[in-house]
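Notes follow once the structure below has been shown.
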Amino acid sequence: MGELLSENKVEMYPYAYIYQKRKTVLIWQTNGEDTFRLDSENRLISAQTVEELKHILGKDADSVEWSEVAEINFDRFRTALKNLRHDRASSEKTCSLLLDGWNFLEDMARTFGLDKEMEKLRTSTMNKAYKKLFYGNNLSPMTPDGCSYHPLWTSEEISALRRSFENIFNLLIKNGIFKEISIPDYNIT
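Residue numbers (my numbering): 401 to 589.
Have a look at this one:
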């Protein structure tokens, strides 16, 4: 019985995002499926500060791993996406930022059951782009000592990345999920 309880235990962590220089703190949760915590009316539980979020959560705040906060800066994400160029290598920092943003947006789409939008992230071109970002993080278990990988991009991959992320942002805005986020002005080619 104890094993069953631990398998179904929801792990919760604070996850902040910055957009238009404004920080919002959410609760990311996992129990085999990664989502963000919602209130009883299916709205994101969010606050501007960790302290405010702890107050909103009440006794549930004791279940959150506050020392393991994650943060994604969508201002930088947007700039990195805009600056991708055909046949120009991306740094590890760019790959990490874009991969973190991708995972955040995918978890957000999963939270609200946006399955069609998630399917758009799994096209052949997007799968190639994801692998490039993943390997571009140069994680030690996968990157031999003394080696590094800096992906080069095709025009098709750049267009697919920009289009897919803009679509997700627009859908999240349309559904009132990200009220404070305005539509990114990607220059889609």
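We treat Cβ as the ideally placed atom computed from N, Cα and C, and that holds for glycine.
Quick caveat: nothing in here was measured; it's all calculated off a predicted structure.
In the displayed model, SER446 falls within a strand according to three-state DSSP. The beta-carbon separation of HIS486 and ILE568, rounded to 23 Å, does not stay under the 8 Å limit for a contact. For SER491 and GLU519, the gap between their C-alpha atoms comes out near 27 Å. Within the same chain, LYS423, VAL425, GLU471 come within 6 Å of ALA416 by CB-CB distance, once the 5 residues on both sides are set aside. When the five nearest sequence neighbours on each side are left out, the beta carbons in the same chain lying within less than 7 Å of the beta carbon of ALA529 are those of GLU557, ALA560, LEU561, in order along the chain. Check the Cα spacing between ILE456 and each of GLY501, ARG522, LEU438: the tightest is with LEU438.
Counting only unbroken stretches of 4 or more residues, the alpha helix (DSSP H) elements lying wholly within the region 518 to 568 are 524 to 535, in sequence order. Within the model, the alpha-carbon separation for LEU499 versus PHE474 is close to 12 Å. Distance check between TRP466 and each of LYS574, LEU533, PRO414 places PRO414 closest, using alpha-carbon atoms only. Sorting PHE565, MET412, ARG478, LYS493 by C-alpha distance to the C-alpha of ILE418 places ARG478 at the top.
Classified as buried, CYS495 has 16 or more neighbouring CB atoms from the shown chains inside 10 Å of its CB.
Sequence-distant Cβ neighbours of THR525 in its own chain, meaning closer than 7 Å and more than five residues away, are GLU556, GLU557, ALA560. According to the DSSP secondary-structure assignment, LEU438 is paired through a beta bridge with LEU444.
If you draw a 10 Å sphere on the C-beta of ASP507, you find 16 or more other C-beta atoms in it, and that means buried. Each of ARG563, TRP428, GLU441 was checked against the Cα of PHE504, and the nearest Cα belongs to TRP428. In the DSSP assignment, ARG422 falls within the unbroken beta strand (DSSP E) covering 422 to 430. Rounded to the nearest whole angstrom, the C-alpha separation of ASP515 and THR430 is 18 Å.
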